[in-house]
Amino acid sequence: MSEEMINEAVEVAAEAIDRFEGEYKDIAAYVKKTFDKKYEQSWQCICGKDFGRLTKIRQIMPQPMQTKEKV
Numbered sequence: 247m248s249e250e251m252i253n254e255a256v257e258v259a260a261e262a263i264d265r266f267e268g269e270y271k272d273i274a275a276y277v278k279k280t281f282d283k284k285y286e287q288s289w290q291c292i293c294g295k296d297f298g299r300l301t302k303i304r305q306i307m308p309q310p311m312q313t314k315e316k317v
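Here the sequence shown stands for residues 247 to 317, where the numbers follow my numbering.
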């Protein structure tokens, strides 16, 4: 990322944090959509202590599911 993009990412993230007040999935979606619109690429954004995210993944092979249950 260029220095300009890094600075913009910080600004967009700060705006999203103020706007969505701890709703991590909404913060991630806002940052991703803002960068997708401006830079026309497939950006990914993961944020929060529980890693709220909005990602689009093309599945080629089945992926194992993880659960929070202890075995």
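C-beta: ideal position from N, C-alpha, C; glycine also. No experiment lies behind these values; they were computed from the predicted model shown.
In its own chain, which residues sit with a C-beta less than 8 Å from the C-beta of I229, not counting the 5 before and 5 after it? Nothing can be reported for residue 229, as the shown portion of the chain is limited to 247 through 317.
Where does R265 fall in DSSP's three states? helix
Indicate whether K278 and C291 have their beta-carbon atoms separated by less than 7 Å. Result yes, Cβ atoms of K278 and C291 sit closer than 7 Å.
Buried or exposed: where does V256 fall if 16 or more other Cβ atoms within 10 Å of its Cβ makes it buried? exposed
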